[in-house]
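The letter at position 44 of the sequence shown is residue 48 when you use this note's numbering, and the numbering goes up by one with no holes.
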Amino acid sequence: MSQTVLNPQNNNHKKSKKSFFVVIDGSEDVLYLKCSDIDEAKEEIKRFLQTDTLDDDSIEIIY
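Listed below in structure tokens is the structure:
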């Protein structure tokens, strides 16, 4: 039994994901994200908080 790989180059160029920990002011919870860069992490935080902007004074991103 053989398997055909249509485009093997795609598998070799995956971006490595980095770990990001997000501390939101006023909460005891820590949000853990696996994203390719800080910009993607910020977009995920906005999606999580259901907002269009981030207040940098109330959110700490550790990576």
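We treat Cβ as the ideally placed atom computed from N, Cα and C, and that holds for glycine.
Would you mind giving the Cβ-Cβ distance between residue i and residue j, rounded to the nearest angstrom? I have them listed as a contact below 8 Å.
i: Cys39; j: Lys21; result: 6 Å
i: Ile63; j: Val34; result: Rounded, the Cβ-Cβ distance is 12 Å, inconsistent with contact.
Shortest alpha-carbon distance to residue i belongs to which of the options?
i: Tyr67; options: Asp61, Leu53, Ala45 and Glu32; result: Ala45
i: Phe52; options: Gly30, Ser23 and Tyr36; result: Tyr36
i: Lys19; options: Asp41, Asp60, Asp59 and Ile65; result: Asp41
i: Ser23; options: Asp43, Ser31 and Asp59; result: Asp43
Just reading off the alpha helix (DSSP H) that residue i is part of, what are its end residues?
i: Lys50; result: Ile42 to Leu53
Starting from residue i, follow the beta strand (DSSP E) in both directions and report where the run begins and ends.
i: Ser23; result: Lys22 to Ile28
i: Lys19; result: Taken as a continuous stretch (DSSP letters only), Lys19 belongs to no beta strand (DSSP E), as it is neither H nor E.
Less than 8 Å between C-beta atoms, sequence neighbours within five positions excluded: which residues of the same chain meet that for residue i?
i: Thr57; result: Lys50
i: Glu48; result: Leu37 and Cys39
With a threshold of 6 Å on Cβ separation, who are the neighbours of residue i within its own chain once the five nearest residues in sequence on each side are excluded?
i: Asp29; result: Ser62
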